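Below you'll find the structure, written out as C-alpha cells, and then a few comments.
In this note's numbering, the protein residues as written are 1 to 875.
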C-alpha cells in the first residue's frame, strides 16, 4: 500500500500550509480553464480593449482628487504612452486622423502624448493640421463627410502596403513598401455632419464612407496574428470611431431637429455590422461618457479632454502594445492586445540541461535525506537541497504564469483613501492577536539556555526588530496595492519606513561583526546569497532587470559598505573612537560619491561593461541620496548601545569620572530621552506637512529621517511591558519580508507591480472597488503570497547553506550583546571557517581569507561564473 510520510501534525502552521497549497492549485486550475475554454474568442484582450471598460476614479470615490483619469479594461492593463515610447512604436512614421471636431479632439490628445504644447486662445477652424516632433508625425485631415480625394489616396496606399502579403513578398520588401506609404495608423470619425446636413440621404452617404474605410481595413492583420508576433506586433491598423451620442438637451436649436437618436442609432448599427466583419470600431468610447454628463461639453457634442485622452490611449495601446512586448520593455504594464515574448534559447538550455543535472547531482551528494513516500517497504528519499531547488523553481514558474502570460487577468490600481485604511487596519488587528512574551533564547554567555531559564531583554532584541520589519512590510504591501503613492502623506511615511528598514539592517550587521569578529568571506557570501538568490532568479526568468528589484541591491550595497568599514582596521574596533572616526570618513566619502555628477554614472557603466547589469544612474541616485546617512547612524546606534551597556555593567570603581556620572543619572537620562521621543514624533510629522511636493521632502529628509526612527525605537523599549513582549505574527512576516516584497510584484500585484492580479472568476461583478470586488482577490491571493514567500525563504536558506558547504542554514545571531572589547564574549559562530588573524595587515589578512575561501568554497565561484555567463548571453 502506498503510504506518504506525513507526520500527524496539528496546529495553525500545518493547516495554513495545506490550505494555502489547495488555494493555489484551485486558482491556477480555474484560470487555466478560463483561458482555454472561455477566452478563446479574445485570448489577448484586443476585443476587450476596443469594446469594454469603465472608470475606476469617479467623483464619489475621491472628491478631493481629480477624477476620470483611470480607465479600466476588464482583464488587462492599459498604458499611457510617453513621447519616447511613441517614437519606438511608430519609428517616425505618420499617424493620420480624418473626420470632424470629435476626431480633432483625439488628435490633440495624441499630440499631448508626444509633448506637443498646444497654443492657448486660438480658435478652431475647419482646416488640416500637421505636427512633427522627434517622436512621430501627426496629421489631421478635416473631412467630416469622409469622402475626400486625400482620404481615398491614404486608404489606397494602406491597401497597397499589405498587397505584398498576398503576393508572397519578403519581409524586407514589405518594410520598404511601408516607407513609401502615407500613414502607419489611420483614425477615422464622423457621422454627425451626415445627420445634420444630408437629410434623408444621410445613411446612404455614411454607408459609402464606411464601406470604403472597411475595404482598406480588411487588408490589415487581425489580432489573431499575435499568436506568432513579429517585430511589428499587431502591425498597422485603421480605426473607425462610433458616432458620438450627444446630450440632446444641450444641443442648440439649429442642431436639435436634425441630430436625432434614430439617425445616430441607424449609423451605429451599420458600424456594428461592419465591426463583425473586421473593422476596428472602439465601442468603448460610448461607455466613457455614458451616465457621465459632466464629461460632455456645453455644446452637448464634444467630450472633456480627459475622455479624449483615454480615446487616444485605446487606439495607441491597440497598435503598440504587442510591438513593445517584443522589445522586452520593462515594466510589462501594457497587457491589453499583446502577446508575451516566449523564453529565449538561454532559458531553454537552462531548463533542459542544468536543472536535471543539478537535481541528479544533489540526490547523490546531498546531506540527510527525508522519506517522502513508501511503497511495499521501499523508501523514496529526497534531499533538502532538492526540495529547496524545487520550491524556488516552482515559485518562479508560478510568477511566470501569473505575470508573463495571459492565464491570469490583470487590473489597474486605483487609490481610494478608505481602502488603504481598511486593508491596513484589518491586517494589523489580525496580527495583534498573536502578542507573546519574548521567550528565552540565546544570550551572550548562555548560547543554549536550559528550559525554564530567563534572561534580561536587551535593547532592540531580534524578536522586536523582526516585528518592526513585519509591521513596515505590511505598510509597504498595502501602500503598493492601493496605489497610495499618489498621496504625498503616504509617500513620506513610506520613505521613513524604508529608512527604518535600512537603519535596522545597519544596526544588525554592525552588531554581528563587532560581537563575533567574523569578517570572513563566508559571512559576506552568506548574506549576499541570502539577499540575491531570489531576485537574480526572478530577473532571469521574467526578463526583468536585476536592479529594478531596488530593495535587494540597495540592502546588499549597504551591507558591503558596513563590511568594508568594519573590516579595515578590524583589530582597532575595540576602541569606540576609532569606529566613530571610520564612520565619519565613510559619511564624507559617500556624500561625495552620491552627489558628485559622474561618480554613480561611472560605477553603473563599469557594472554594465563587466556584468551587463542594467542600472539607470538617475533612478539610483535618489534612493542613495535619500538614505545616505541612515545605515551609518544605525552603526553609531550599535556602538552607543554597546558602550552604554558596558558602562552600566562595570563596577563604579572601574569607571572614569564621566562614566560614573553617566551611570548614576542614567535613569533620569532615560526619562528625558523618552520625553524627547514623545515630542519628536509629532514635531517631525508637523514639519513634513510643510513640504509642498516630493522633491522638497526628498531634499531635507536625508538629514532628519533618523529622528522618527530612533524616537519610535526608544518608545518601543521605554517600559518593561513593551520591551519584553512582541507580536509573533508581525515578527514572522518580518523574517520573510524580502520574499514578500519580491514575490508580491508578480503573484499579488501584476505587471511588475504596476497593476493588480485577479483570481479569474466573477470578475464581472463589482466596480473595481475593494469592498465590492477586490476583497475576493485579497482573501484568496494574500494567503498564497505569504505561503509562497515562506517556502521560498526556507529554500533560500537551505541553498545558501549548501553552496557554502554547511550542514544547516546559519542561525541568526541575537542583536543584543553585553559589551565591546570583551574578548571572552566573542564566539566563532562559523566553526568551519578559519578565524581571521587580526594581527596581520588588511592586505595579508584578506589574501589569506580569499585563498582559504577559494579552496573550501569553490561552489560559490562556480555559481558566480554560471550567473555571469547566463547574463552575458541572455538577450
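Using N, Cα and C, we set each Cβ at its ideal position, and we do this for glycine too. The structure presented is a predicted model; accordingly, all values stated were derived computationally and were not measured.
Go ahead and pull the three-state DSSP assignment for residue i.
i: residue 237; result: strand
i: residue 389; result: helix
i: residue 94; result: strand
i: residue 131; result: strand
i: residue 319; result: helix
i: residue 292; result: coil
i: residue 137; result: strand
i: residue 170; result: In this prediction, residue 170 has a pLDDT of 47, which is less than 50 and means its spatial position is unreliable; what the coordinates show is noted afterwards. Three-state DSSP puts residue 170 in coil, outside helix and strand.
i: residue 622; result: helix
i: residue 115; result: coil
i: residue 147; result: coil
Would residue i and residue j be called neighbours here (beta carbons separated by less than 8 Å)?
i: residue 263; j: residue 195; result: yes
i: residue 119; j: residue 410; result: no
i: residue 504; j: residue 458; result: no
i: residue 31; j: residue 407; result: yes
i: residue 615; j: residue 547; result: yes
i: residue 777; j: residue 756; result: yes
i: residue 555; j: residue 531; result: yes
i: residue 550; j: residue 623; result: yes
i: residue 280; j: residue 217; result: yes
i: residue 399; j: residue 746; result: yes
i: residue 674; j: residue 710; result: no
i: residue 510; j: residue 429; result: no
Using the Cα positions of residue i and residue j, report the straight-line distance between them to the nearest angstrom.
i: residue 341; j: residue 610; result: 26 Å
i: residue 392; j: residue 663; result: 51 Å
i: residue 315; j: residue 741; result: 34 Å
i: residue 876; j: residue 743; result: Since the first and last residues shown for the chain are 1 and 875, residue 876 lies out of range.
i: residue 479; j: residue 56; result: 18 Å
i: residue 523; j: residue 538; result: 24 Å
i: residue 866; j: residue 416; result: 46 Å
i: residue 301; j: residue 246; result: 5 Å
i: residue 193; j: residue 238; result: 21 Å
i: residue 204; j: residue 191; result: 11 Å
i: residue 34; j: residue 402; result: 14 Å
i: residue 790; j: residue 739; result: 8 Å
i: residue 125; j: residue 112; result: 19 Å
i: residue 507; j: residue 324; result: 43 Å
Between which residues of its own chain and residue i is the CB-CB distance below 7 Å, once the five residues before and five after are set aside?
i: residue 727; result: 431, 432, 434, 435, 467
i: residue 820; result: Because the pLDDT of residue 820 is 43, which lies under 50, any placement of that residue in the model is unreliable, and the number read from its coordinates should be weighed accordingly. The answer, listed in chain order, is 514, 574, 576, 642, 643, 646.
i: residue 469; result: 501, 504, 734, 737
i: residue 207; result: 270
i: residue 140; result: 97, 104, 107, 128, 129
i: residue 317; result: 49, 78, 79, 334, 336, 337
i: residue 660; result: 652
i: residue 283; result: 50, 51, 242
i: residue 590; result: 628
Leaving out the 5 sequence neighbours to the left and right, which residues in its chain are closer than 6 Å to residue i when beta-carbon positions are compared?
i: residue 189; result: 99, 102, 103, 241
i: residue 617; result: 600, 601, 604
i: residue 384; result: 798
i: residue 14; result: none
i: residue 684; result: 707, 708
i: residue 267; result: 191, 206, 243
i: residue 553; result: 547
i: residue 770; result: 419
Looking at the strands, I want to know which residues DSSP matches up with residue i.
i: residue 411; result: 756
i: residue 726; result: 436
i: residue 76; result: 73
i: residue 142; result: 99
i: residue 187; result: 97, 239
i: residue 749; result: 756
i: residue 700; result: In DSSP, residue 700 forms no bridge with anything.
i: residue 303; result: 296
i: residue 55; result: 71
i: residue 280; result: 239
Sorted by chain position, which residues of the same chain lie with C-beta nearer than 8 Å to residue i's C-beta, five sequence neighbours on each side aside?
i: residue 783; result: 16, 19, 20, 23
i: residue 288; result: 53, 55, 71, 295, 303, 307, 310, 311
i: residue 426; result: none
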